[in-house]
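Protein chains in written order, with the numbering used here: chain A, 2 to 268; chain B, 2 to 392; chain C, 334 to 693.
What follows is a short report on a single structure.
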Amino acid sequence: MRRLVDAPRWALNLFAAAALVYLFMPLGWIVWFSFNEPVGDVNLVWQEFTLDNWRGAFRASAYRDAFVESIRVAALSTAIATLLGSMIAIALARYRFRGAAGLNLLLVLPLTAPEIVMGSSLATLFLDNAEIIKRGFVTVVIAHVMFQISFVAMTVRARVRGFDWTLEQAAQDLGATPMRTFWRVTFPLVLPGIMAAALLSFALSIDDYIITLFNRGSLQTFPIYIDGAFRREFPPQVNVLASLILLASISLMLIGVLRATGKASRS
Amino acid sequence: MPKHPPSRRLTRRHFLGAAGALGAGGLALPSFLGGRLAGATTPRSTPPAQGEGGSLWFDNWPEYIDLTEDGYVGTVDRFMQATGIDMTYTEVISDNNEYFAQIQPVLGRGDTIDADIIAPTSWMAGRLISLDWVDQLPLEDVPNAANLRADLVNPAWDPTGEYSLPWQTGFAGIAYNIEHTGRELTSTEDLFDPEFAGRVGMLTEMRDTIGLLALAEGIDISTLSSFDEAAPAFERLQKAKDSGQVRAFTGNEYIVDLEAGNFAACIGWSGDVAAINVDNPNIRFVIPEEGGTSWADTMLMPKGAMHREEAAQWMDFVYEPENAALITAYVWFVSPVDGIRDHVAEIDPELAENALVFPDDETLSRVHTFAHLDEDVEAEFDAAFSEIAGA
Amino acid sequence: MPAATVAPPPQASGLSQRADLVGLGALGVAAAVLVLVGTGAVSGAAAVVALSILLAAVVGLVVVAVAGGAEARRRLAPYGLLKPGMLWLALFFFTPLVTLLKQSLSTLPSRFAVEAEFDWNFGNYSTAFSSFGAQFQRGFGYAAVATVLCIAIGYPLAYVIAFRAGRWRNLLLGLVVVPFFTSFLIRTIAWRSLLGDSGPVLAWLERLHLTGPLEAIGLLDNGRILNTQWSVIGGLTYNFVPFMVLPIYVSLEKVNVALVDAAKDLYSGSVRAFRKVVVPLSLPGVFAGTLLTFIPAAGDFINARYLGGPNNTMIGNSIQDQFLVQNNLPVAAAMSFVLMAIITAAVVVYTKYLGTEDLT
């Protein structure tokens, strides 16, 4: 029954690998150029190899500070949005209730609204209520959650749809309380969707420019800072920072995977 | 502040060295600043306690001032030490329209923004002055304002001269990569040369693009008062875009495009090319025969700004020729302050000879300032330009 | 083992009917109050009253849940889950949206005025329709092509990660998203270098002698990639691949591999098994991914600005321009609503096409 040459299988894997290469092409360029010794302030033409940029990698800089701010905003907004969005997704996919269709549509609306007008309208809302809230960290988080919720809800809903809810019923028949059922049965099965949604919204928040621009007060996030800075320069330090970010994220994930498989092999 | 690679600011290396050498044992300042700055050995000075000398907030463009690093004390820190004023210097202006969108909701409602001084480009300054969203400058407390270059006194955007004081100035002309053009360029017509089809860039800055094109049509841009007068320039631009002559409309990115060869030639700014020319001598700048435009980023005080005394001290400080020279030696734009050439020569002799930073009279005679447009006329210009530039 | 169902006690059905309405009503009232207060339609003492109504609605919901018994709780559960998220959206999305709607029907007394006068000015909408047809077309066109490309790239990738990655799947999934932790500006600058006239992509195409054929089919324009429509589409595709991969992955991942193997045996061929079994199960993911890609892409402006030429602008650029450069918020608002309406209509049609059960 086994085919001698599993051509489609091999081809598909190759295609997937090519897709990953495609995703990492710009990053490869970025990392490569972090080893460049540019002639001027603009690190875009290869000159010569150097390790100098990496030697001073951990020195404090405005780029790093702005990035840290972005992380703080992203962490908080992702946490809130993942919670709220997942709840919405579970509600929409698990239950049949009045108004579900309409709410589905309403959920799509934040995705359709152009960022610039949403950003400025939200800013107007905050300005009109300047006694209650001043534009800054909090307003940026609020704004980010606003557009992240829809992304989370739709991603988690894709997971939850077609879910076998009789599993829950079975658990309850076996005597589990609804709470326990949720944590032991439902949640672990939905978790991949929630993690994926969290990843996506984290990326969204780190990358946001326009909505942040209008609602930031004097907060400097990474995209805001580099938009200004890049009009004058593109120093190799940026490449180093980006490479460090990559390195850190991949390492974290690698550790996570190795620990998980370690646990699995032990259990 | 990211460490600066040695050669964009090739002069800075010399500059830091020269500035450092002038003091004994680490006093990193030129001696002519005298005794005002005792004990200025630490690169990062701690500002005095709040309230001792007042405070000041200045919103400016990025890379527009010499900051403290590597043993050199920058202008802001020296100012703080000299006056005891606690100064906040932020580099938040990256685009005039984006900055306007941020301050409009506040100033338009009659509220005050955080900044005491802001430095938008001259046309935006003209708009803010027309809207009465700025206060008069405390020029009576700025004796060094007398050092202002003659051609910048009572400019088009501020006819009474009471509301603005230029920070840095520059020119727009033709920037090109001689490797890709194969020859020197001298005229705006060169941008329309079929040889460069699809490799010509223009600026998203309306006044520089239309300015150069209008001058090539023989129109005097300093007296423009209606859209019809400039219509030929718009038509020319439309044709060039439709035929594919123009590859893209850019902001500062044109420098990259010139280096990479995406552009053979484009409209560009003097300061950018001056900086890159040190590293890549193939990239040149020329004020075309028909004429170029001159612009300024200029200091204004938004309405309701509280720290007028401190602002006056700052303006006086940066208009002191020695201080202006230090700033120029870093930013490489054309200083609005007169008579700094000798001071710059002490710091960086090569820079003092740089025609893009110290233009001669012949060059100055070929640049014109775009007229200040009325609100309605400006709207017509902006709408027509956006239609062509792609929006 | 069949799931045992508990027949609801007779009198509870009446309450459960009402519980439904109570839940929806409470949600609706709470949201409405937030929008009214947020837009300033009610203020001062009236606002205090409105906010008390909001509080009452929330409390009432809880009371009914507690008092109504298990059936009522089950009925009210979705509303309870929806409440926090929906109320957040009510205050921070719908409120600004209503304000924006008012703006779209207003006229500015002067170009830089901060307050527009609400005067049912539908002229903004006619401007939006008439002056920006080409940009709308390009916006939807580029976004559609990019979405299709994202599916072509993303589906196989998601499939491999879901079924063939084993314990490395989380790492691979992370690898898909990690590039996006560096800022879009850095990625776009990287692409500009890669796609530029002296960049490696063109160099390789020339080396492989592909430039001729590619030029013939229109993918290259005079030997250039940068500043053409294809570099814009390329940029859009690149930016949205994770938004396609992740939803497809999450819906594929819960497919039982044993099921797929059984299907392969049943349909005597993996391609048919794939078509008949895997594809339908992955549809929710494709659906979500399509929406999460097409919708933001249609309104995008960044890629066209940095990677496109003056003839490649999308509707997002026009809205950006109307707002920032022309300072014409009413027209920008009208254009935004036209964009939103068209997209929403497309979503409704698409949803119906995929089957009505996908709507809930």
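Virtual Cβ for every residue (Gly too), placed ideally from N, Cα, C.
Note that this is a predicted model, so its numbers are computed, not measured.
Residue C:373 holds the alpha-carbon nearest to the alpha-carbon of residue 130 of chain A among C:365, C:506, C:589 and C:373.
Collapsing the DSSP output to three states places residue 139 of chain A in a helix.
Under the 8 Å criterion on CB atoms, residue 385 of chain C is classed as non-interfacial with respect to chain A. Taking a C-beta cut-off of 9 Å against chain B, the contacting residues of the segment 428-462 of chain C are 443, 444, 445, 446, 447 and 448, listed in chain order. Interface criterion not met: the Cβ of residue 120 of chain B is under 8 Å from no Cβ in chain A. Rounded to whole angstroms, residue 212 of chain A and residue 634 of chain C show a C-alpha spacing of 14 Å. The residue from A:19, A:184 and A:236 with its alpha-carbon nearest to that of residue 522 of chain C is A:236. Rounded to the nearest whole angstrom, the C-alpha separation of residue 680 of chain C and residue 102 of chain A is 13 Å. Across the set B:265, B:298, B:192 and B:212, the C-alpha of B:298 shows the shortest separation from the C-alpha of residue 125 of chain B.
Residue 92 of chain A carries a helical assignment under DSSP once its states are collapsed to helix, strand and coil.
Taking the Cβ atoms as the reference, residue 91 of chain A lies roughly 19 Å from residue 614 of chain C, outside the contact range of under 8 Å. In the structure shown, the three-state DSSP call for residue 121 of chain B is coil.
Interface residue (Cβ-Cβ distance to chain C less than 8 Å): residue 262 of chain B is classified as such.
Annotation: Cβ neighbours of residue 509 of chain C in chain A (cutoff 7 Å, chain order): 24.
If you compare the alpha carbons of A:207, A:157 and A:248 with that of residue 76 of chain A, the shortest gap goes to A:207.
Neighbours of residue 103 of chain B in chain A, taken as residues at a C-beta separation under 8 Å, are given in chain order as 214 and 215. Residues of chain B with a Cβ closer than 8 Å to the Cβ of residue 45 of chain A are, in chain order, 257, 260 and 261.
For residue 199 of chain A, the enclosing alpha helix (DSSP H) has its first and last residue at 188-208.
In the displayed model, residue 288 of chain B falls within coil according to three-state DSSP, outside both helix and strand. Its Cα nearest to that of residue 483 of chain C, the residue C:627 stands out among C:631, C:627, C:651 and C:543. For residue 243 of chain B, the closest Cβ of chain A is not nearer than 8 Å. Per DSSP, the continuous beta strand (DSSP E) segment holding residue 88 of chain B begins and ends at 87-91. Under the three-state reduction of DSSP output, residue 465 of chain C falls in the coil class, being neither helix nor strand.
Assignment of beta strand (DSSP E) within the segment 517-570 of chain C, counting only whole runs of 3 or more residues, yields no such run. Straight across, the Cα-Cα distance linking residue 300 of chain B with residue 73 of chain B is about 25 Å. Judged by pairs of C-beta atoms under 8 Å, the segment 148-161 of chain B touches the segment 362-379 of chain B, as three or more such pairs exist. A Cβ-Cβ distance of about 7 Å is found for the pair residue 397 of chain C and residue 409 of chain C, placing them in contact under the 8 Å criterion. CA-CA distance, residue 157 of chain A to residue 195 of chain A, rounds to 6 Å. Residue 12 of chain A has no beta-bridge partner at all, per DSSP. Cβ contact annotation for residue 583 of chain C (same chain, cutoff 7 Å, sequence separation greater than five): 618, in chain order.
By the C-beta criterion, the segment 459-475 of chain C is judged to be in contact with the segment 639-652 of chain C, since at least 3 inter-stretch pairs fall below 8 Å. At a Cβ-Cβ threshold of 8 Å, residue 64 of chain B and residue 214 of chain A do not count as neighbours. Of the residues assessed, residue 383 of chain C falls on the buried side of the cut-off, its CB having 16 or more other CB atoms within 10 angstroms. Interface annotation, residue 372 of chain C: not in contact with chain B, CB-CB separation never under 8 Å. With the rule of 3 Cβ pairs closer than 8 Å, the segment 158-171 of chain B does not count as touching the segment 214-231 of chain B. In this structure, residue 232 of chain A lies near residue 95 of chain B, with their beta-carbon atoms less than 8 Å apart.
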